[in-house]
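One structure is given here, and the rest of the page talks about it.
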Amino acid sequence: MATPQENLLDWLRDAHAMEQQAEKMLKAQSERLEHYPELKTRIDQHIQETLNQQKLVDGCLSRLGGSSSTLKDVTGKLMAFGQAVGGSMMSDEVIKGAMAGYVFENVEIATYTLLIAAANAAGDAQTQAACEQILPQEQAMADWLLEHLPKLTEAFLLRSASPDLEAKK
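First residue of the sequence shown: 6, per our numbering; consecutive thereafter.
Rendered as structure tokens:
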């Protein structure tokens, strides 16, 4: 059996690895985007948010006497690398990237929602506050992607139909 504090610490390690994966995925996507400036700008903004989120999670881990999990961090980075390589080989890379980003943001939303509940159950107001600070940023990014997916799709389709334009990135 595990205490609420032990579960919280384990889930914070998961969140740390998740944010490491998010950083790597977002940076890879941003570096490859050439023809979708609005998406690139929003991704670059979210990279900065992600870096700040990492600091908040690191602070929670440190304060609780824990540390990140090297295995979880490496696994997350490897998954992000695989997604970046796989995505770069698709003719509709920008669309697949936006869809994957939306899904990933929803995983982050679920993670911070459960961390808020776990921190509350563990009596850890500081971790709860940190996660409550992160959650709206993840929700805003997911909302932005969902709202812009139709326009992004239209832009991709226009570029894809033209023999003189590259559409994939």
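Idealized CB from N, CA, C, for every residue including glycine.
| query | result |
| --- | --- |
| Leu14 to Met146, Cα distance in whole Å? | 26 Å |
| Within this structure, are the beta carbons of Cys65 and Leu17 separated by less than 9 Å? | yes |
| To the nearest angstrom, how far is the alpha carbon of Tyr41 from that of Ala130? | 40 Å |
| As a quick exercise: from Met6, Asp63, Lys29, pick the residue whose alpha carbon is nearest that of Ile48. | Lys29 |
| Taking all protein chains shown into account, decide if Val90 is buried (16 or more other Cβ within 10 angstroms of its Cβ) or exposed. | Here the model assigns Val90 a pLDDT of 45, short of 50, so the residue's position is not dependable, and the following value carries that caveat. So Val90 counts as exposed. |
| Can you tell me which of His153, Gln144, Val112 puts its alpha carbon nearest to the alpha carbon of Glu54? | Gln144 |
| Using a Cβ-Cβ cutoff of less than 7 Å, which residues in the same chain neighbour Asn111 once the five nearest sequence positions on both sides are dropped? | Ala147 |
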